[in-house]
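Read through the structure below, which is laid out as structure tokens, and then see the notes.
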């Protein structure tokens, strides 16, 4: 286990940021967006090292959507409670 972490520490950090991002998303916290962007950037690096280019293109889509979501999250004017 320790050797795997040494060899794949970026992937382990990416997985951890993914878990943290999910926690912030559940709590409806605005920190979800920057943590999610960090997660995507780390996975782009991981997939590039593994030569998984289709996965990289999917991560770029997630990156664009995360930036879009963060932009509109910070621009919302009213808090309409749906439930």
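Residue numbers (the working numbering): 361 to 443. Don't be surprised by glycine CBs; every beta carbon is placed ideally from N, CA and C.
Beta-carbon spacing of residue i, residue j below 8 angstroms
{"i": "residue 406", "j": "residue 371", "result": "yes"}
{"i": "residue 402", "j": "residue 373", "result": "yes"}
{"i": "residue 468", "j": "residue 390", "result": "Past the edges of the chain, shown from 361 to 443, lies residue 468, and the structure says nothing about it."}
Where the alpha helix (DSSP H) containing residue i begins and where it ends
{"i": "residue 399", "result": "392 to 409"}
{"i": "residue 370", "result": "369 to 386"}
{"i": "residue 423", "result": "413 to 435"}
Other residues of its chain near residue i: CB distance less than 7 angstroms, five sequence neighbours each side excluded
{"i": "residue 398", "result": "377"}
{"i": "residue 416", "result": "404, 407, 408"}
Buried versus exposed call for residue i [16 or more other C-beta atoms within 10 Å across all chains shown]
{"i": "residue 447", "result": "What is shown of the chain runs 361 to 443, which leaves residue 447 out entirely."}
{"i": "residue 381", "result": "buried"}
{"i": "residue 363", "result": "exposed"}
Neighbourhood of residue i by C-beta distance below 8 angstroms, restricted to the same chain and skipping five residues each side
{"i": "residue 423", "result": "397, 400, 401, 404"}
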